[in-house]
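Undergrad:
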Amino acid sequence: MKVLCIEKPEKLEIKDLPKPELVPGQAVIKMEMCGICGSDVTAYRGVNPTMKYPINGLGHEGVGIIEAIGENDKGLKVGDRVALEPYVPCNKCHMCAEERFNNCADIHVCGVHKDGMMAEYFLHPVQLLYKLPDDLTFKHAALVEPFTIGLHAATRARVKSGEKVVIFGAGVIGLMAAYACINYGAFPILIDVIQERLDYAKERGIPYIFNSKEGGIEEYLKEVTEGKLPEAMIDCTGAPVILEQMHNYVCHGARIALVGWPHNPVAINTVRLMQKEIDICPSRNSNKKFPEAIKLIHENKIPTDAFITKMIRLDEVETTIQDMIKKPSDYLKVIVEI
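Position one of the sequence shown corresponds to residue 1 (UniProt numbering), numbered consecutively onward.
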């Protein structure tokens, strides 16, 4: 089978490797599509702080068809179309015992710590497979995993109906978080420095957008919230300039979910965080969100086609990633047909 391997930064290679054989508790999936995530781009650049090299198979946003599977308690069978949850837990640690599988003490994320999904066939635990509706296209289903990140972030920020939620970063995950907030009855305020992305979001139903290139964030947030400031915040950038000032962007008693990964440690103002009793909630991966994401995408609760910039082949991944690095504002979601 063909597999897109990443040996080291800036080195992708399609290799012919043995097709995986079925083992108990797992299934062999004929992979159909896999999205390119921002973490794949940073892995290629060599600036992903969690990446382990080398790995046979980039990617973790995969969907496919079950080719081989043993008896299982999920009722899955050969021929079922499935989405693959890429966060493989140990099922032994205290976090797994509490069913916080995304925060497993020994987690292995596909395409990051272990082999990834840009492969013709993939062996994966049955517990991490989710059946797709027959009329949900693989193209749209490839958005399930990134949508779970937005849903989990909104859950970590304890977003409530009627609240205003400021979201930093109008890339795919920021948009997914915004639609998660809308589905939870809240009003997202999307902030970025790229006006094209903000305009794109506004045209597709995001109620509030703001370009922070010239500053003025706090003033705008006060205007939108009639002086109160938002009750919640989701940061999808990891940018120090935002994290260092995050206490200024939310009201007293607010909750902040941190999704973006900073490249280095960031200094934050603990005095102001304590004075305002703000809850800081790192948001890693997602937990138990795949069924919800599949349902919402199937019900057209997010504009799936608007997210997809380009469909490409496996042999086009490297040149596409290189172009994404050069012109990030030209891309939202790229999906690889395998």
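Ideal Cβ positions, reconstructed from N, Cα and C, are used throughout, including at glycine.
Where does Ala-239 sit, in a helix, a strand or coil, going by DSSP?
TA: Sequence index remark: in the sequence shown, residue 239 carries index 239 (1-based). Coil.
Undergrad: So the candidates are Leu-273, Cys-251, Leu-136 and Val-172; which of them puts its Cα closest to the Cα of Leu-296?
TA: Sequence index remark: in the sequence shown, residue 296 carries index 296 (1-based). Checking every option, the nearest Cα to that of Leu-296 belongs to Leu-136.
Undergrad: Could you check which residue in Met-33, Asp-192, Asp-106 and Asn-287 has the C-alpha nearest to that of Arg-81?
TA: Walking along the sequence shown from the start, residue 81 turns up at place 81. Here the closest residue by C-alpha is Met-33.
Undergrad: Measuring straight from C-alpha to C-alpha, what distance separates Ile-182 and Pro-188?
TA: Residue 182 sits at position 182 when you count from the first residue of the sequence shown. Residue 188 sits at position 188 when you count from the first residue of the sequence shown. For Ile-182 and Pro-188, the distance between alpha carbons rounds to 7 Å.
Undergrad: With a threshold of 16 other CB atoms inside 10 Å of the CB of Asn-102, please say whether the residue is buried or exposed.
TA: Indexing the sequence shown from 1 puts residue 102 at position 102. Under this definition Asn-102 is a buried residue.
Undergrad: For Gly-215, which option in Val-78, Ala-154 and Val-193 has the closest C-alpha, if you only look at C-alpha atoms?
TA: Within the sequence shown, residue 215 is the residue found at index 215, counting from 1. Minimum Cα distance to Gly-215 is reached at Val-193.
Undergrad: Thinking C-alpha only, which one of Gly-64, Tyr-208 and Leu-175 is nearest Thr-225?
TA: In the sequence shown, counting from the first residue as 1, residue 225 sits at position 225. The shortest Cα separation from Thr-225 among Gly-64, Tyr-208 and Leu-175 belongs to Tyr-208.
Undergrad: Quick check on DSSP: helix, strand or coil for Ala-141?
TA: Here the question's residue 141 lines up with position 141 in the sequence shown. Helix at Ala-141.
Undergrad: Could you spell out where the beta strand (DSSP E) holding Ala-27 opens and where it closes?
TA: Numbered from its first residue, the sequence shown carries residue 27 at position 27. Start and end: 26–36.
Undergrad: Whole angstroms is fine: what's the gap from Ile-280's alpha carbon to Glu-21's?
TA: In the sequence shown, the residue the question calls residue 280 occupies position 280. In the sequence shown, the residue the question calls residue 21 occupies position 21. Rounded to whole angstroms, Ile-280 to Glu-21 spans 44 Å at the Cα level.
Undergrad: Straight-line CA distance for Phe-168 to Arg-272?
TA: Here residue 168 is taken as the residue at index 168 of the sequence shown, counted from 1. Here residue 272 is taken as the residue at index 272 of the sequence shown, counted from 1. Their backbone Cα atoms lie some 20 Å apart in a straight line.
Undergrad: With a Cβ-Cβ cutoff of 9 Å, do Ala-27 and Pro-125 count as a contact?
TA: Position 27 of the sequence shown, counted from the first residue, corresponds to residue 27. Position 125 of the sequence shown, counted from the first residue, corresponds to residue 125. Yes, they are a contact pair.
Undergrad: Could I get the ranges of all uninterrupted beta strand (DSSP E) runs contained in the segment 227–308, with 3 residues as the minimum, in chain order?
TA: Segments of the beta strand (DSSP E) lying fully in the segment 227–308: 232–235, 255–258 and 279–282.
Undergrad: Throw me the rounded Cβ distance for the Gly-111 and Gly-59 pair, which I believe falls under 8 Å.
TA: Translated into the one-based positions of the sequence shown, residue 111 becomes position 111. Translated into the one-based positions of the sequence shown, residue 59 becomes position 59. About 5 Å; that satisfies the 8 Å criterion.
Undergrad: For Leu-128, which option in Val-336, His-298 and Ile-29 has the closest C-alpha, if you only look at C-alpha atoms?
TA: Position 128 of the sequence shown, counted from the first residue, corresponds to residue 128. Considering only alpha carbons, the answer is Ile-29.
Undergrad: Looking only at its own chain, which residues have a Cβ that is under 7 Å from the Cβ of Thr-237, when we skip the five neighbours before and after it?
TA: Here residue 237 is taken as the residue at index 237 of the sequence shown, counted from 1. So the list reads Phe-168, Gly-169 and Gly-260, once near-sequence residues are dropped.
Undergrad: Below 8 Å on the Cβ atoms is my contact criterion, and I expect Gly-75 with Met-31 to pass it. Report the Cβ-Cβ distance as a whole number of Å.
TA: Residue mapping note: residue 75 aligns to position 75 of the sequence shown, counting from 1. Residue mapping note: residue 31 aligns to position 31 of the sequence shown, counting from 1. About 22 Å; that fails the 8 Å criterion.
Undergrad: Let me make sure I understand the geometry here. Which of Asn-287, Gln-275, Ile-268 and Asp-16 has the alpha-carbon closest to that of Tyr-121?
TA: Counting from one through the sequence shown, the residue named residue 121 turns up at place 121. Ranking the options by Cα distance to Tyr-121, first place goes to Asp-16.
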